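Chemist: Each residue of the sequence shown is one higher than the last, beginning at 1 in my numbering.
Let me begin by handing over the structure; questions about it come next.
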Amino acid sequence: MTTIGAYSPSLLNSASQGYAATAQPSLAQTLNEQETGSTPFSSTNVTLSDAAKNYLASMQDTAATTDTTPATLAANARKWFDAQYKSLGISSAMLDGQVAVDFSSQSRATLSAVASNASGLFSSDESKAAASEMQARFNNAMASHVVIARHTGDYASLYQAASDYLNQASDGEKATATWKAQSLAVATGLSAAKAGFGKAPDTGDANDPVAALLNTQGSGITKLGSDATTSQVASNARAMLDDQIGKARDKGSALVFNSLQSGQKVDFTNFDNRSLATIVLNPDSTFSNDEIYAAKQELNQRTRMSMYNALFPASNGKSDSSQTGALGLMQTYNGMSAEEKSVLGVTDATTNRVLASYKTQQSVQNTLASYL
Numbered sequence: 001m002t003t004i005g006a007y008s009p010s011l012l013n014s015a016s017q018g019y020a021a022t023a024q025p026s027l028a029q030t031l032n033e034q035e036t037g038s039t040p041f042s043s044t045n046v047t048l049s050d051a052a053k054n055y056l057a058s059m060q061d062t063a064a065t066t067d068t069t070p071a072t073l074a075a076n077a078r079k080w081f082d083a084q085y086k087s088l089g090i091s092s093a094m095l096d097g098q099v100a101v102d103f104s105s106q107s108r109a110t111l112s113a114v115a116s117n118a119s120g121l122f123s124s125d126e127s128k129a130a131a132s133e134m135q136a137r138f139n140n141a142m143a144s145h146v147v148i149a150r151h152t153g154d155y156a157s158l159y160q161a162a163s164d165y166l167n168q169a170s171d172g173e174k175a176t177a178t179w180k181a182q183s184l185a186v187a188t189g190l191s192a193a194k195a196g197f198g199k200a201p202d203t204g205d206a207n208d209p210v211a212a213l214l215n216t217q218g219s220g221i222t223k224l225g226s227d228a229t230t231s232q233v234a235s236n237a238r239a240m241l242d243d244q245i246g247k248a249r250d251k252g253s254a255l256v257f258n259s260l261q262s263g264q265k266v267d268f269t270n271f272d273n274r275s276l277a278t279i280v281l282n283p284d285s286t287f288s289n290d291e292i293y294a295a296k297q298e299l300n301q302r303t304r305m306s307m308y309n310a311l312f313p314a315s316n317g318k319s320d321s322s323q324t325g326a327l328g329l330m331q332t333y334n335g336m337s338a339e340e341k342s343v344l345g346v347t348d349a350t351t352n353r354v355l356a357s358y359k360t361q362q363s364v365q366n367t368l369a370s371y372l
């Protein structure tokens with residue numbers, strides 16, 4: 001058994017005053033001193049078993065001798081992938097174009113080894129998944145810097161942060177072709193950003209991770225299901241607009257909401273009608289008057305086209321409204337979200353009138369048919 005002496009308060013004070021600059025002994029040295037009785041202090045003793053002593057010593061030995069070469073990381077990652085596939089019941093790291101394994105426990109150095117296919121142990125999907133995770137981690141690290149750059153126009157600081165991040169890589173990652181290409185692209189971007197304040201530099205380099213981040217759709221933008229709440233739709237629409245605002249700033253411009261303004265015109269292509277109606281309703285008071293006006297104009301235009309096509313489904317306006325047109329109009333109303341109906345003033349009375357008209361047309365046609 002080995003004992004470790006506990007210092008008394010007075011001795012601790014003396015030690016802190018007289019040996020403040022002295023390096024602390026290692027665990028192995030402390031254990032050895034206790035075993036040989038060489039320590040000059042004596043006090044209450046705490047007893048460690050041989051198993052405990054060996055465990056603590058092994059922790060230092062492991063930390064000092066861990067092999068982090070790409071080959072070793074690759075071998076360990078291969079075992080990890082195989083275990084993941086077995087436990088998850090899958091056979092690939094990518095499913096439906098999405099990463100299907102959780103890389104959160106894997107180090108950046110390991111991801112680099114997989115992405116670069118160290119030792120030729122990984123499939124293309126595994127390397128692609130690892131590369132995607134590396135880009136995601138880079139994006140997360142740069143997120144706050146992107147916000148600052150877009151509000152201040154200081155894109156040089158963003159590229160400097162990217163350079164610092166890349167330089168924190170392991171020696172194994174720095175030896176890869178990907179790291180070298182990204183490092184060169186970031187250095188070029190940093191130089192260009194310093195020379196031109198106010199907008200993101202156009203490096204024209206596909207290896208530029210900053211440009212890839214700035215051109216990526218905002219992380220808050222998702223495709224919502226029909227069960228999403230109005231507040232969730234509003235939050236998503238806000239994120240979609242903010243994404244356009246950010247990209248306009250990257251170009252040294254501003255997002256504008258009517259053709260008379262100078263700047264980058266808002267694009268509602270990816271906004272569904274429910275999102276447009278929710279912007280108009282502005283339930284969480286997060287949209288500006290310009291945004292509300294533009295959304296209302298877009299929604300009105302879409303609704304007019306939808307109703308026209310419902311009334312004249314195949315005739316391109318060359319014939320009168322018919323039974324088929326009335327039915328199409330009812331289907332249009334029924335397909336509207338509650339937010340759309342609220343903005344457009346579509347009520348139960350509206351749909352009831354269309355239904356009554358449809359029934360009248362059907363009755364008249366049936367009556368006329370009986371005389372033929």
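Every residue, glycine too, gets a C-beta built ideally from N, C-alpha and C.
Treat the numbers as computed from the prediction; the structure is a model and nothing was measured.
Is there contact here, the stretch 136-154 with the stretch 82-94, by at least three beta-carbon pairs under 8 Å?
Modeler: Contact between the stretch 136-154 and the stretch 82-94 is absent, because fewer than three Cβ pairs lie under 8 Å.
Chemist: Taking C-alpha atoms, which residue in L190, L329, L299 lies nearest to Y308?
Modeler: When each option's Cα is compared against that of Y308, the closest is L329.
Chemist: Measuring only the C-alpha atoms, how far is A156 from I90?
Modeler: 43 Å
Chemist: Just confirm the distance between the C-beta atoms of A77 and V101, as a whole number of angstroms; I'd bet it's less than 8 Å.
Modeler: Contact doesn't hold; Cβ gap of about 11 Å is too wide.
Chemist: Please classify K265: does DSSP put it in a helix, a strand, or coil?
Modeler: strand
Chemist: Provide the residue(s) that pair with Q98 in DSSP beta bridges, ordered along the chain.
Modeler: L95
Chemist: Roughly how many angstroms lie between the CA atoms of K373 and A239, to the nearest whole one?
Modeler: Any question about residue 373 goes unanswered here, given that the chain covers just 1 to 372.
Chemist: With 16 other CB atoms within 10 Å as the buried threshold, where does T278 fall?
Modeler: With 16 or more other Cβ atoms from the protein chains shown falling within 10 Å of its own Cβ, T278 counts as buried.
Chemist: Since N139 and L213 should fall inside the 8 Å C-beta cutoff, what is the C-beta to C-beta distance between them, to a whole number of angstroms?
Modeler: 5 Å
Chemist: For V256, which three-state DSSP category applies?
Modeler: Residue state, collapsed to three classes: strand.
Chemist: Using the Cβ count rule (16 or more neighbours within 10 Å means buried), how would you classify G189?
Modeler: buried
Chemist: Applying the 10 Å Cβ sphere with the 16-neighbour rule, what's the burial state of N273?
Modeler: buried
Chemist: With a 10 Å radius around its C-beta and 16 neighbouring C-beta atoms as the bar for buried, classify A206 as buried or exposed.
Modeler: exposed
Chemist: Measure the alpha-carbon distance for G198 versus A254 and round it to whole angstroms.
Modeler: 12 Å
Chemist: Could you check the C-alpha separation between E126 and A161 for me, to the nearest Å?
Modeler: 28 Å
Chemist: For the candidate residues A109, A131, A192, Y165, whose alpha-carbon lies nearest to that of A175?
Modeler: A109
Chemist: In three-state DSSP terms, what is P70?
Modeler: helix
Chemist: In angstroms with no decimal places, state the Cα-to-Cα distance between A248 and S116.
Modeler: 34 Å
Chemist: With a threshold of 6 Å on Cβ separation, who are the neighbours of K296 within its own chain once the five nearest residues in sequence on each side are excluded?
Modeler: So the list reads V280, once near-sequence residues are dropped.
Chemist: If P70 sits next to A118, beta carbons under 8 Å apart, how far is it from one beta carbon to the other, in whole angstroms?
Modeler: 4 Å
Chemist: Short check: CB of T203 to CB of A192, under 8 Å?
Modeler: yes
Chemist: Answer yes or no: do R150 and D250 have a C-beta to C-beta separation smaller than 8 Å?
Modeler: yes
Chemist: What are the boundary residues of the alpha helix (DSSP H) that Q297 is part of?
Modeler: Taken as a continuous stretch (DSSP letters only), the alpha helix (DSSP H) holding Q297 covers 289-311.
Chemist: Identify, in the order they occur along the chain, each residue of the same chain with its Cβ nearer than 6 Å to the Cβ of A74, setting aside the five sequence neighbours on each side.
Modeler: A113, A118, S119, L121
Chemist: What's the C-alpha gap between R353 and V343?
Modeler: 19 Å
Chemist: Is DSSP giving Q168 helix, strand or coil here?
Modeler: coil
Chemist: Return the CA-CA distance between A237 and T230, expressed in angstroms with no decimal places.
Modeler: 10 Å
Chemist: Does the Cβ-Cβ distance between E291 and F257 come in under 8 Å?
Modeler: yes
Chemist: Residues in its own chain within less than 8 Å of A21 by CB, not counting five upstream and five downstream?
Modeler: Unreliable positioning characterises A21 in this predicted model, as indicated by a pLDDT of 43, which lies under 50. A coordinate reading is not provided.
Chemist: What residue range does the alpha helix (DSSP H) around D250 cover?
Modeler: According to the DSSP assignment, D250 belongs to the alpha helix (DSSP H) that extends over 230-250.
Chemist: With respect to 7 Å, is the separation between the Cβ of S285 and the closest non-hydrogen atom of the ligand PLP below this value?
Modeler: In the structure shown, the ligand PLP is absent, as is every other ligand, since no ligand is present at all.
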